[in-house]
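Engineer:
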Amino acid sequence: MEKSRQQWSNPLQFLLACISYAVSLGNVWRFPYLCQMYGGGSFLVPYVIMLLLEGMPLMYLELAIGQHMRQGSIGAWRTISPYLGGVGIASMVVTFFVSMYYNVINAWGFWYLFHSFQDPLPWSVCPLNGNRTGYEEECEKASSTQYFWYRKTLNISPSIQENGAMQWEPALCLILAWLMVYLCILRGTESTGKVFYFTASLPSCVLLIYLVRGLMLHGAINGLLYLFTPKIEQLVNPKAWINAATQVFFSLGLGFGSLIAFASYNDPTNNCQKHAIIVSLINGSTSIFASIVTFAIYGFKATFNYEDCLSKVILLLTNSFDLEDGSLTASNLEQVKNYLASTYPSKYSQVFPHMKNCSLESELDTQAVQGTGLAFIVYTEAIKNMDMSQLWSVLFFFMLLMLGIGSMLGNATAIITPLTDSQVISRHLPKEVISGLVCFINCAVGLVFTMEAGSYWFDMFNDYSATLSVLLIALVETIAVCYVYGLRRFERDLQAATGFALNWYWKAMWACVTPLLIVGLFLFYLSDYILTGTLQYQAWDATQGQLVSKDYPPHALAIIGLLVASSAMCIPLGALGTLVMHRFKRGDQSQGSLTLTQLLPRSG
Numbered sequence: 000m001e002k003s004r005q006q007w008s009n010p011l012q013f014l015l016a017c018i019s020y021a022v023s024l025g026n027v028w029r030f031p032y033l034c035q036m037y038g039g040g041s042f043l044v045p046y047v048i049m050l051l052l053e054g055m056p057l058m059y060l061e062l063a064i065g066q067h068m069r070q071g072s073i074g075a076w077r078t079i080s081p082y083l084g085g086v087g088i089a090s091m092v093v094t095f096f097v098s099m100y101y102n103v104i105n106a107w108g109f110w111y112l113f114h115s116f117q118d119p120l121p122w123s124v125c126p127l128n129g130n131r132t133g134y135e136e137e138c139e140k141a142s143s144t145q146y147f148w149y150r151k152t153l154n155i156s157p158s159i160q161e162n163g164a165m166q167w168e169p170a171l172c173l174i175l176a177w178l179m180v181y182l183c184i185l186r187g188t189e190s191t192g193k194v195f196y197f198t199a200s201l202p203s204c205v206l207l208i209y210l211v212r213g214l215m216l217h218g219a220i221n222g223l224l225y226l227f228t229p230k231i232e233q234l235v236n237p238k239a240w241i242n243a244a245t246q247v248f249f250s251l252g253l254g255f256g257s258l259i260a261f262a263s264y265n266d267p268t269n270n271c272q273k274h275a276i277i278v279s280l281i282n283g284s285t286s287i288f289a290s291i292v293t294f295a296i297y298g299f300k301a302t303f304n305y306e307d308c309l310s311k312v313i314l315l316l317t318n319s320f321d322l323e324d325g326s327l328t329a330s331n332l333e334q335v336k337n338y339l340a341s342t343y344p345s346k347y348s349q350v351f352p353h354m355k356n357c358s359l360e361s362e363l364d365t366q367a368v369q370g371t372g373l374a375f376i377v378y379t380e381a382i383k384n385m386d387m388s389q390l391w392s393v394l395f396f397f398m399l400l401m402l403g404i405g406s407m408l409g410n411a412t413a414i415i416t417p418l419t420d421s422q423v424i425s426r427h428l429p430k431e432v433i434s435g436l437v438c439f440i441n442c443a444v445g446l447v448f449t450m451e452a453g454s455y456w457f458d459m460f461n462d463y464s465a466t467l468s469v470l471l472i473a474l475v476e477t478i479a480v481c482y483v484y485g486l487r488r489f490e491r492d493l494q495a496a497t498g499f500a501l502n503w504y505w506k507a508m509w510a511c512v513t514p515l516l517i518v519g520l521f522l523f524y525l526s527d528y529i530l531t532g533t534l535q536y537q538a539w540d541a542t543q544g545q546l547v548s549k550d551y552p553p554h555a556l557a558i559i560g561l562l563v564a565s566s567a568m569c570i571p572l573g574a575l576g577t578l579v580m581h582r583f584k585r586g587d588q589s590q591g592s593l594t595l596t597q598l599l600p601r602s603g
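Under numbering that gives the first Met the number 0, residues 0 to 603 are what the sequence shown spells out, in order.
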């Protein structure tokens with residue numbers, strides 16, 4: 000298998016593959032949200048510490064395992080111990096769940112990209128109602144960007160219990176997204192290696208362009224001041240540290256088997272320690288870079304809304320009190336309001352309920368959105384107010400597609416590599432057919448997410464399909480290498496292959512610090528799920544034009560339980576299955592030996 004195994008054309012391809020996989024949508028739409036929620040610049044302190052204590056050591060561990068064992072996740076863990084094959088199976092199951100819904104984001108990205116060429120942008124204004132006498136009521140109660148997302152894109156149902164019909168436009172976009180993934184992985188590292196040159200570099204170029212444009216926007220400085228003004232009190236908030244550790248863990252893609260699969264195509268003498276450090280630092284730097292871009296746009300949007308609010312208040316007071324045009328400005332607004340309130344108290348009290356309380360700080364505070372809400376609502380809200388909005392929209396959604404496809408190639412590789420490593424499967428099916436079947440099955444199941452209730456199922460899979468399972472997988476990984484395979488043995492193997500000895504930092508992290516951190520994270524999320532009580536989701540209420548909380552129905556709770564158990568149980572069931580097979584083999588050997596003894600002639 001070593002002789003016939005594909006390899007990356009050069010170490011740069013491997014490095015770009017890891018960067019493209021690790022630098023994903025979470026860097027753009029979750030890290031800025033966490034910065035806003037947990038103290039702006041002060042959140043960087045727990046993030047950097049967790050990167051050093053958890054992210055970098057686990058990345059090096061997975062790269063070293065894949066490179067040394069030269070197999071995908073299942074084969075690599077079976078080599079470490081026959082009883083650990085279930086760890087690889089669990090990684091593959093989790094990655095399969097993630098792939099089913101993750102590529103739907105790329106489908107939505109295609110949908111928005113195609114609509115970005117329209118003038119004006121279709122989410123920039125509310126559509127007229129059926130009588131053409133006004134705007135759609137749902138759009139007026141929400142906003143034009145929310146209406147385009149929830150009604151035109153998702154055509155969302157009122158609850159998860161009303162599945163509704165499949166939306167053919169997003170369904171076609173999903174098929175296109177999976178077709179792109181298949182074409183990229185068709186030739187293995189030969190084709191994916193070339194694709195990673197684009198998916199790893201182009202998003203950074205687009206972010207750089209957006210940074211230059213963002214800094215030129217009116218009010219961008221307000222967003223940056225908000226980001227870099229630290230709230231020191233958040234450093235003693237345990238949730239800030241928990242979320243920093245979680246962000247590091249999932250941003251680097253640890254525990255999914257993708258890094259092991261990538262490293263298995265490496266030259267065994269490659270210095271994967273250097274690559275682990277480089278990828279970790281680039282991933283963290285990109286998160287900070289994306290936050291600067293995001294908060295520049297936050298500042299522009301918040302300033303735009305703040306000044307629009309002031310204009311409406313000025314217009315209301317000018318008309319209500321017959322003030323001279325231009326006499327009332329933003330600078331003297333508070334003084335004039337106090338004067339009018341004391342001079343015309345009765346009239347002012349009638350006007351006061353119609354006045355909005357305009358505050359730039361509150362506008363910035365209300366921008367705390369993550370995930371699809373940030374990408375498809377907040378960003379589109381800002382883009383529609385920019386000059387040449389079509390250009391900026393095309394660039395933004397092109398960047399999202401590059402980030403999404405890069406991550407999807409990692410997910411697909413994590414699933415396909417163990418299957419092609421299996422002699423039973425590869426003997427009957429060529430790699431192209433295996434890759435095609437994986438993409439087809441994922442696409443077919445993923446069509447569920449294009450139904451009217453598909454967004455609710457998407458959120459469910461995103462919240463529950465991987466968190467606990469991946470933490471458990473990573474915990475077993477560190478324990479298996481350090482205490483089953485043996486840390487000293489693993490150190491000797493790495494030094495013999497690469498020529499580099501492990502220093503005290505890596506050994507201390509693997510043997511003690513990182514496992515304890517993972518146990519803490521696992522217990523936190525487990526207790527959080529238990530103490531939360533009935534699990535809830537956010538449903539779109541068209542009559543109010545906003546999201547409302549609803550309880551998951553019993554069948555949805557059963558599926559959540561199945562999502563968590565189906566991957567986590569692979570680890571003990573895999574070990575139990577291996578134990579039973581070994582017992583049967585020993586029994587057969589003993590029985591065979593006994594039969595042979597009975598057949599031999601007795602002497603004397």
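C-beta atoms are modelled at their ideal positions from N, C-alpha and C, and glycine is treated no differently. Quick caveat, the model's predicted, so the values are computed rather than measured.
With 16 other CB atoms within 10 Å as the buried threshold, where does His274 fall?
Structural biologist: On the sequence shown, position 275 is the one that residue 274 refers to. Flag for His274 reads buried.
Engineer: Quick check on the burial criterion: 16 or more other C-beta atoms within 10 angstroms. Buried or exposed for Pro31?
Structural biologist: As a first step, residue 31 is located in the sequence shown; it is residue number 32 there, counting from the start. Buried: at least 16 other Cβ atoms inside 10 Å.
Engineer: So which of Ser72, Leu112 and Leu322 has the shortest CA-CA distance to Ile472?
Structural biologist: Counted from its first residue, the sequence shown places residue 472 at position 473. Taking only the C-alpha atoms, the option nearest Ile472 is Ser72.
Engineer: Starting from the N-terminal side, write out each stretch of the beta strand (DSSP E) that is 3 residues or longer and does not extend beyond the region 383 to 449.
Structural biologist: Here no run is fully enclosed.
Engineer: State whether the region 138 to 156 contacts the region 438 to 454, with contact taken as three or more CB pairs (one from each stretch) at a distance under 8 Å.
Structural biologist: Yes: the two stretches touch, three or more of their Cβ pairs being nearer than 8 Å.
Engineer: What would DSSP say about Ser80, mapped onto helix, strand or coil?
Structural biologist: Translated into the one-based positions of the sequence shown, residue 80 becomes position 81. Coil, per DSSP.
Engineer: In terms of DSSP beta bridges, what is Gln166 paired with?
Structural biologist: Working through the sequence shown from its first residue, we reach residue 166 at position 167. BP columns for Gln166 are empty, so no partner.
Engineer: Can you give me the C-alpha to C-alpha distance between Gly74 and Ile64, rounded to a whole angstrom?
Structural biologist: One-based indexing of the sequence shown puts residue 74 at position 75. One-based indexing of the sequence shown puts residue 64 at position 65. Roughly 11 Å between the two C-alpha positions.
Engineer: With C-beta atoms as the reference, is Leu178 less than 8 Å away from Gly54?
Structural biologist: By one-based count along the sequence shown, residue 178 stands at place 179. By one-based count along the sequence shown, residue 54 stands at place 55. No.
Engineer: Closest to Gly372 by CA distance: which of Gly25, Leu525, Thr416 and Val92 is it?
Structural biologist: Here residue 372 refers to the residue found at position 373 when the sequence shown is read from its first residue. Among Gly25, Leu525, Thr416 and Val92, the Cα nearest to that of Gly372 is on Gly25.
Engineer: Could you check where the alpha helix (DSSP H) with Gln494 kicks off and where it finishes?
Structural biologist: Locating residue 494 in the sequence shown gives position 495, where the first residue counts as 1. Start and end: Leu486 to Thr497.
Engineer: Based on DSSP bridge pairs, tell me the residues matched to Gln543.
Structural biologist: The residue you call residue 543 lines up with position 544 of the sequence shown. Gln543 pairs with nothing; no bridge assigned.
Engineer: Could you tell me the alpha carbon to alpha carbon distance between Val27 and Leu418, rounded to whole angstroms?
Structural biologist: By 1-based counting over the sequence shown, the position of residue 27 is 28. By 1-based counting over the sequence shown, the position of residue 418 is 419. Distance between the alpha carbons of Val27 and Leu418: 32 Å.
Engineer: Would you mind working out which of Tyr378, Lys193, Asp492 and Gln166 sits nearest Ser290, comparing C-alpha positions?
Structural biologist: On the sequence shown, residue 290 is found 291 positions in, with the first residue counted as 1. Of the listed residues, the one whose Cα sits closest to Ser290 is Tyr378.
Engineer: DSSP on Gln66, reduced to helix/strand/coil?
Structural biologist: By 1-based counting over the sequence shown, the position of residue 66 is 67. DSSP places Gln66 in helix when its eight states are reduced to three.
Engineer: Considering only DSSP beta bridges, list what Lys273 is partnered with.
Structural biologist: Here residue 273 refers to the residue found at position 274 when the sequence shown is read from its first residue. DSSP lists no partner for Lys273.
Engineer: Rounded to the nearest angstrom, how far is the Cβ of Pro683 from that of Thr513, given a contact under 8 Å?
Structural biologist: Lying outside 0 to 603, the shown extent of the chain, residue 683 is not represented and no answer is given.
Engineer: Determine the closest residue to Ala329 out of Ala170, Ile313 and Leu575, with distance taken between C-alpha atoms.
Structural biologist: On the sequence shown, residue 329 is found 330 positions in, with the first residue counted as 1. With distances taken between Cα atoms, Ala329 lies closest to Ile313.
Engineer: Please state whether DSSP places Leu216 in a helix, a strand or coil.
Structural biologist: Position 217 of the sequence shown holds residue 216. Three-state result, Leu216: coil.
Engineer: Runs of 4 residues minimum, wholly inside the region 512 to 581: which ones carry the alpha helix (DSSP H) assignment?
Structural biologist: Fully enclosed alpha helix (DSSP H) runs of 4 or longer: 513 to 531 and 553 to 567.
Engineer: Since I believe Asn384 is in contact with Phe294 (beta carbons under 8 Å), could you give me their beta-carbon distance rounded to a whole number of angstroms?
Structural biologist: Position 295 of the sequence shown, counted from the first residue, corresponds to residue 294. Position 385 of the sequence shown, counted from the first residue, corresponds to residue 384. At roughly 16 Å, the Cβ-Cβ gap does not stay under 8 Å, so Phe294 and Asn384 are not in contact.
Engineer: With 16 as the cutoff for other CB atoms within 10 Å, does Phe439 come out buried or exposed?
Structural biologist: Taking the first residue of the sequence shown as 1, we reach residue 439 at position 440. Per the 10 Å Cβ criterion, exposed.
Engineer: In its own chain, which residues sit with a C-beta less than 7 Å from the C-beta of Phe489, not counting the 5 before and 5 after it?
Structural biologist: Counted from its first residue, the sequence shown places residue 489 at position 490. Val480.
Engineer: Rounded to the nearest angstrom, what separates Leu598 and Met568 at their Cα positions?
Structural biologist: Within the sequence shown, the letter at position 599 stands for residue 598. Within the sequence shown, the letter at position 569 stands for residue 568. For Leu598, the pLDDT reaches just 47, beneath the cut-off of 50, and the residue's location in the model is therefore unreliable, although a value from the coordinates is still provided. Near 45 Å, if we compare the C-alpha coordinates of Met568 and Leu598.
Engineer: Can at least three beta-carbon pairs, one atom from the region 186 to 197 and one from the region 399 to 413, be found at a separation below 8 Å?
Structural biologist: Cβ pair count under 8 Å is three or more, so yes.
Engineer: Which of helix, strand or coil does DSSP assign to Leu595?
Structural biologist: As a position in the sequence shown, residue 595 is number 596, starting the count at 1. Bear in mind that the predicted position of Leu595 carries a pLDDT of just 46, short of 50, making it too unreliable to give a figure here.
Engineer: Would you call Asn269 buried or exposed, if buried means 16 or more other Cβ atoms sit within 10 Å of its Cβ?
Structural biologist: Walking along the sequence shown from the start, residue 269 turns up at place 270. Answer is buried; the Cβ neighbour count reaches 16.
Engineer: How is Tyr504 classed by DSSP in three states: helix, strand or coil?
Structural biologist: The residue labelled residue 504 in the question sits at position 505 within the sequence shown. Helix, per DSSP.
Engineer: Below 8 Å between beta carbons: does that hold for Val103 and Gly445?
Structural biologist: Counting from 1 along the sequence shown, the entry for residue 103 is found at position 104. Counting from 1 along the sequence shown, the entry for residue 445 is found at position 446. Cβ atoms of Val103 and Gly445: closer than 8 Å.
Engineer: How big is the Cα-Cα spacing for Leu322 and Leu316?
Structural biologist: The sequence position of residue 322 within the sequence shown is 323, counting from 1. The sequence position of residue 316 within the sequence shown is 317, counting from 1. Approximately 8 Å, taken between the alpha carbons.
Engineer: Can you tell me the Cα-Cα spacing of Leu214 and Tyr297, whole angstroms?
Structural biologist: Start at 1 with the first residue of the sequence shown, and residue 214 comes out as number 215. Start at 1 with the first residue of the sequence shown, and residue 297 comes out as number 298. Those two C-alpha atoms are separated by around 11 Å.
Engineer: Once you ignore the five residues that flank Ala507 on each side, which residues in its own chain have a CB closer than 8 Å to its CB?
Structural biologist: The residue labelled residue 507 in the question sits at position 508 within the sequence shown. Here the set comprises nothing.
Engineer: For Phe195 versus Gln66, is the C-beta spacing smaller than 8 Å?
Structural biologist: Position 196 of the sequence shown holds residue 195. Position 67 of the sequence shown holds residue 66. No. Outside cutoff.
Engineer: Once DSSP output is grouped into helix, strand and coil, what is the label at Tyr134?
Structural biologist: The residue you call residue 134 lines up with position 135 of the sequence shown. Residue state, collapsed to three classes: strand.
Engineer: Excluding five sequence neighbours on each side, which residues of the same chain lie with their C-beta closer than 7 Å to the C-beta of Pro229?
Structural biologist: Locating residue 229 in the sequence shown gives position 230, counting from the first residue. Closer than 7 Å at Cβ, skipping near neighbours: Gly38, Gly39, Gly40 and Ser41.
Engineer: Thinking C-beta only, is Val579 closer than 8 Å to Gly254?
Structural biologist: Translated into positions along the sequence shown, residue 254 becomes position 255. Translated into positions along the sequence shown, residue 579 becomes position 580. Taking 8 Å as the Cβ cut-off, Gly254 and Val579 do not qualify as a contacting pair.
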